[in-house]
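Order-wise, the sequence lines are chains A and B.
Taking our numbering, I'd label the letters of the first sequence as residues 15 to 266.
Taking our numbering, I'd label the letters of the second sequence as residues 119 to 351.
Glycine included, each C-beta is placed from N, C-alpha and C at the ideal position.
Keep in mind the model is a prediction, meaning the values are calculated, not measured.
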Amino acid sequence: MMHCFDMLYSPTLLETQYQSNELQRETQRDAYEFRKLGEVKVLGASLSIFCCRIEWALKHKGITYEYIEEDLRNKSTLLLKSNPVHKKIPVLLHGDKPVAESLIILEYIDETWRENPLMPDDPSEKAMVRFWAKYVDEKCVISAWTASRTKGHEQEKAIESTQESLKLLNKLIEGKTFFGGETMGFLDLVVGSLPNWIKFIEEFVGIKLFDTKELSFLHEWAQRFTEIPIIKESIPMKEDLLNYFRAQQNAK
Amino acid sequence: MAKNDVKLIGAWPSPFVLRARIALNVKSVEYEFLQETLEPKSELLLRSNPVHKKIPVLLHNDKPICESLIIVEYIDEAWASGPSILPSDPYERAIARFWAAYVDERWFPAMKGILGAQDDAARMAAVGQVTEGLVLLEEAFQKISKGKSFFGGDHIGYLDIAFGGFLAWIRVTEGMGGIKLLNETKTPGLLKWAEKFAADPAVKDVLPETQKLAEFSKIIIAKLRAAAAAKAK
Chain A
15 MMHCFDMLYS PTLLETQYQS NELQRETQRD AYEFRKLGEV KVLGASLSIF CCRIEWALKH
75 KGITYEYIEE DLRNKSTLLL KSNPVHKKIP VLLHGDKPVA ESLIILEYID ETWRENPLMP
135 DDPSEKAMVR FWAKYVDEKC VISAWTASRT KGHEQEKAIE STQESLKLLN KLIEGKTFFG
195 GETMGFLDLV VGSLPNWIKF IEEFVGIKLF DTKELSFLHE WAQRFTEIPI IKESIPMKED
255 LLNYFRAQQN AK
Chain B
119 MAKNDVKLIG AWPSPFVLRA RIALNVKSVE YEFLQETLEP KSELLLRSNP VHKKIPVLLH
179 NDKPICESLI IVEYIDEAWA SGPSILPSDP YERAIARFWA AYVDERWFPA MKGILGAQDD
239 AARMAAVGQV TEGLVLLEEA FQKISKGKSF FGGDHIGYLD IAFGGFLAWI RVTEGMGGIK
299 LLNETKTPGL LKWAEKFAAD PAVKDVLPET QKLAEFSKII IAKLRAAAAA KAK
C-alpha cells in the first residue's frame with residue numbers, strides 16, 4: 015500500500031503532469047508527506063563516530079527507525095547492495111532508497127523531516143556549518159586516526175595536526191553553549207563523540223592529543239552535550255571503546 | 119557599498135574555482151574576479167581563508183565563503199530566485215551530493231595520480247583507477263539524467279558543475295597521454311554530456327582553453343612529481 019502511494023506521487027510523474035512551478039512545489043510537498051511514511055532503517059556499528067550522528071538526528075526529530083548492527087568483518091548483503099561504491103556504514107534506508115555518507119545523510123534527514131531543524135536558515139550560516147563539518151571529518155578525524163596507526167615522524171606530524179585542529183574547534187565553541195547556539199544543531203552532532211574517540215586513542219596508543227586545560231571550552235561542551243538525554247543513550251564513551259579494542263587485541 | 123557586492127578569489131586553471139564561476143553564471147550574478155598568482159598568496163586570500171589558505175573564496179558583501187562545493191550550494195541558496203542548481207527533492211539532492219563527494223574524494227586523487235606519475239607503470243595504474251571511476255560516473259549519469267542532456271536534467275545542475283569543473287583537465291590529460299578517458303565504448307553518455315556541457319552559456323566563456331591549460335599543466339606536473347618523489351623517500 016505504502017509502495018503504491020510512493021509511485022503515484024513520484025517526482026517523475028508529477029513533472030510530466032504539471033507545468034507551473036507553484037503547483038509543482040505544492041504537489042512535491044505532498045509527495046514529501048507520503049515519502050515520510052516509508053520505513054526507516056539505519057545500517058551501523060554501535061561504536062562508530064559516524065553512525066551515532068545519524069541515530070541522534072532521527073531521535074531529535076522523533077523518527078521511528080530500525081537499527082541494524084553490522085559486523086564490519088562480515089558485511090551483510092544489504093549493506094553491500096545499499097552502498098556498493100564505498101561498502102561503508104552508516105547507510106540510511108528510507109523505504110528502498112539508500113543514502114550513504116554521514117554528512118549527506120544528516121542533510122537528507124534535515125531536509126526530509128522539517129521539524130526540529132538542525133541547520134540554520136541563513137545561507138551564510140549554513141555554509142559555515144558545512145565548512146566546519148567538513149573540517150571535522152577531513153582534519154580532526156583523519157589526523158587522529160593517522161596518529162593512532164603510525165609511528166615516528168609521521169605520527170608526530172599527525173599528533174600536531176590533531177592538536178591544532180582541536181584548538182580551532184575550541185575557539186569556535188568559545189562563548190557558546192552549543193555549536194548550534196542555545197540548543198544543539200548540525201555541527202554538535204558532527205563533532206559529537208570526537209572528544210571521546212580522541213581520549214580513547216590517547217589512552218590506547220599512549221600519546222597526548224587532548225589537553226583539557228588548553229581545550230577547556232571544547233571539554234565543557236563535550237560534558238554538556240553528553241548530558242542531553244538522546245545523546246547520552248547512545249554516545250560511544252571512552253571506556254566502551256577501550257573495552258572493545260582491548261578485547262580485540264587480546265583475542266589475537 | 120553595493121548591496122550585492124560579489125568577488126571571487128581564484129585562478130583560471132583551477133577546476134574548483136571554475137565550479138564557483140559556473141554557478142555564478144547560472145544565476146547571472148555580476149562579480150569581480152580577483153586572479154591569484156598564489157606565489158605569494160594575497161593578504162586578502164590569507165585573511166579570507168585563514169584555515170586552508172586556498173582558492174576559491176567567494177566574498178559576498180565582504181563575507182567569505184570557502185570550499186568550492188560549499189560555495190556552489192551557497193550561491194544556489196543566496197540567489198534563490200535564479201535557476202535552481204541543486205534538485206528540490208531531498209533524495210535527488212543526496213544523490214547529487216554523494217557523487218560530487220565521490221569526484222572530490224576518490225576520482226580527483228586518481229587524476230592527480232596520472233599527472234604526478236613517476237613512470238609508465240604508475241601512470242597506467244592511475245589511468246586504470248580514473249577509468250574505473252568514470253565508468254561508475256557513467257552509470258550514475260544514465261540513472262540520474264533519465265535520458266536528458268545533463269545530470270541536472272534539461273539544465274546544468276550541481277553534479278554537472280562539480281564534475282564538469284574538471285573537463286578541461288580531462289582533455290589535457292587525454293592529450294598528454296594520447297588516451298581517451300571519455301570514449302564511445304566505456305562512457306558514451308559522458309562523452310555526449312561533455313560536448314553539451316562545454317557549450318553551455320554558463321560554461322563556455324570560463325572553461326579554460328585546452329592548449330593554454332596544457333602549457334600551464336607542465337608547472338603542475340613538475341610540482342606533483344616532486345611531491346611524489348619526496349614522499350617515496
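Where residue i meets chain A, residues with beta-carbon distance less than 9 Å
{"i": "Y276 (chain B)", "result": "Within chain A, no residue comes near Y276 (chain B); the closest Cβ sits about 12 Å away, beyond 9 Å."}
{"i": "I203 (chain B)", "result": "Per Cβ cutoff of 9 Å: no residues; I203 (chain B) is ~12 Å from chain A at best."}
Partner residues on chain B for residue i, Cβ-Cβ distance less than 7 Å
{"i": "T78 (chain A)", "result": "Chain B residues near T78 (chain A): none, gap ~18 Å exceeds 7 Å."}
{"i": "T126 (chain A)", "result": "P208"}
{"i": "E115 (chain A)", "result": "F216, A219"}
Listed by chain order, chain A residues near residue i by CB distance under 7 Å
{"i": "V147 (chain B)", "result": "By Cβ distance, chain A contributes nothing, its closest Cβ being about 13 Å from V147 (chain B), past 7 Å."}
{"i": "K181 (chain B)", "result": "S138"}
{"i": "I232 (chain B)", "result": "The premise fails here: I232 (chain B) is roughly 21 Å from chain A at the closest Cβ pair, so nothing lies under 7 Å."}
Within chain B, partners of residue i - CB distance below 9 Å
{"i": "L182 (chain A)", "result": "V169"}
{"i": "Y258 (chain A)", "result": "Chain B residues near Y258 (chain A): none, gap ~27 Å exceeds 9 Å."}
Straight-line gap, residue i to residue j (C-alpha atoms, nearest Å)
{"i": "P134 (chain A)", "j": "E125 (chain A)", "result": "12 Å"}
{"i": "L256 (chain A)", "j": "C65 (chain A)", "result": "18 Å"}
{"i": "A347 (chain B)", "j": "M294 (chain B)", "result": "20 Å"}
{"i": "T26 (chain A)", "j": "K264 (chain B)", "result": "In this prediction, T26 (chain A) has a pLDDT of 48, which is less than 50 and means its spatial position is unreliable; what the coordinates show is noted afterwards. Going by the C-alpha atoms only, they are around 10 Å apart."}
{"i": "I215 (chain A)", "j": "L254 (chain B)", "result": "36 Å"}
{"i": "F19 (chain A)", "j": "G296 (chain B)", "result": "Low local confidence applies: a pLDDT of 42 at F19 (chain A) is under 50, so the model's placement there is unreliable, with the coordinate-based value given in what follows. Cα to Cα, F19 (chain A) sits roughly 52 Å from G296 (chain B)."}
{"i": "K252 (chain A)", "j": "D202 (chain A)", "result": "18 Å"}
{"i": "T240 (chain A)", "j": "I249 (chain A)", "result": "7 Å"}
{"i": "I262 (chain B)", "j": "A219 (chain B)", "result": "16 Å"}
{"i": "M15 (chain A)", "j": "K55 (chain A)", "result": "Any reading at M15 (chain A) needs caution, since the residue's pLDDT is 39, under 50, leaving its predicted position unreliable; the model's value is listed next. If I take the Cα positions, the gap works out to 19 Å."}
{"i": "L136 (chain B)", "j": "E234 (chain A)", "result": "41 Å"}
{"i": "M198 (chain A)", "j": "T226 (chain A)", "result": "22 Å"}
{"i": "A71 (chain A)", "j": "T191 (chain A)", "result": "19 Å"}
{"i": "L183 (chain A)", "j": "G189 (chain A)", "result": "12 Å"}
{"i": "E115 (chain A)", "j": "K125 (chain B)", "result": "32 Å"}
{"i": "G128 (chain B)", "j": "E84 (chain A)", "result": "44 Å"}
{"i": "V290 (chain B)", "j": "T328 (chain B)", "result": "6 Å"}
{"i": "L61 (chain A)", "j": "Q169 (chain A)", "result": "24 Å"}
{"i": "L120 (chain A)", "j": "A198 (chain B)", "result": "22 Å"}
{"i": "H170 (chain B)", "j": "L106 (chain A)", "result": "31 Å"}
{"i": "K111 (chain A)", "j": "I213 (chain B)", "result": "10 Å"}
{"i": "E196 (chain A)", "j": "A147 (chain A)", "result": "19 Å"}
{"i": "I337 (chain B)", "j": "P326 (chain B)", "result": "16 Å"}
{"i": "A138 (chain B)", "j": "S186 (chain B)", "result": "6 Å"}
{"i": "I274 (chain B)", "j": "A258 (chain B)", "result": "15 Å"}
{"i": "G52 (chain A)", "j": "H167 (chain A)", "result": "51 Å"}
Where residue i meets chain A, residues with beta-carbon distance less than 8 Å
{"i": "A348 (chain B)", "result": "The premise fails here: A348 (chain B) is roughly 13 Å from chain A at the closest Cβ pair, so nothing lies under 8 Å."}
{"i": "A196 (chain B)", "result": "P137, S138"}
{"i": "I188 (chain B)", "result": "A141, R144, F145, K148"}
{"i": "E185 (chain B)", "result": "R144, F145, K148"}
Contact set between residue i and chain B, taken where Cβ atoms lie within less than 8 Å
{"i": "I118 (chain A)", "result": "A212, R215, F216, A219"}
{"i": "K111 (chain A)", "result": "Y209"}
{"i": "Y122 (chain A)", "result": "P208, Y209, R211, A212"}
Determine which residues of the stretch 244-268 of chain B have a Cβ less than 8 Å from any Cβ of chain A, and write them out in chain order.
-> L254, K264
Three or more C-beta pairs closer than 8 Å, one from the stretch 235-249 of chain A and one from the stretch 149-166 of chain A: is that the case here?
-> Touching, no, given that fewer than three Cβ pairs across the two stretches are closer than 8 Å.
Complete alpha helix (DSSP H) runs within the stretch 172-253 of chain B (minimum length 4 residues, chain order) | 186-196, 208-220, 226-233
Taking 8 Å as the threshold, find out whether the stretch 229-242 of chain A comes into contact with the stretch 254-265 of chain A through three or more Cβ pairs.
-> By the C-beta criterion, the stretch 229-242 of chain A is judged not to be in contact with the stretch 254-265 of chain A, since fewer than 3 inter-stretch pairs fall below 8 Å.
Is there contact here, the stretch 230-244 of chain B with the stretch 331-348 of chain B, by at least three beta-carbon pairs under 8 Å?
-> yes
What are the start and end residues of each continuous alpha helix (DSSP H) run of 4 or more residues lying completely inside the stretch 178-236 of chain A, in chain order?
-> The stretch 178-236 of chain A contains these whole alpha helix (DSSP H) runs: 200-205, 208-215.
Enumerate, from N- to C-terminal direction, the unbroken alpha helix (DSSP H) stretches of 4 or more residues contained entirely within the stretch 103-173 of chain A.
-> 116-126, 137-149, 156-163
Could you tell me whether the stretch 91-105 of chain A touches the stretch 178-186 of chain B, using the rule of 3 or more Cβ pairs below 8 Å?
-> Under the three-pair Cβ rule at 8 Å, the stretch 91-105 of chain A does not count as touching the stretch 178-186 of chain B.
Interface positions of the stretch 143-156 of chain A facing chain B (Cβ-Cβ less than 8 Å), listed along the chain | R144, F145, K148, Y149
Validate contact between the stretch 295-307 of chain B and the stretch 328-337 of chain B using beta carbons, cut 8 Å, 3 pairs | no
Counting pairs of beta carbons, one from the stretch 191-203 of chain B and one from the stretch 143-158 of chain B, are three or more of them closer than 8 Å?
-> yes
Beta strand (DSSP E) runs contained entirely in the stretch 124-165 of chain B, provided each spans 3 or more residues = 124-128, 150-153
Between the stretch 93-106 of chain A and chain B, which residues of the former have a C-beta closer than 8 Å to a C-beta of the latter?
-> V99
At least 3 beta-carbon pairs within less than 8 Å: the stretch 269-289 of chain B vs the stretch 190-200 of chain B = In short, these stretches touch, since the Cβ pair count reaches three.
For the stretch 130-144 of chain A against the stretch 60-78 of chain A, are there 3 or more C-beta pairs whose distance is under 8 Å?
-> yes
Contact residues within the stretch 134-162 of chain B, judged by C-beta distance below 9 Å to chain A | Considering only beta carbons, no part of the stretch 134-162 of chain B lies closer than 9 Å to chain A.
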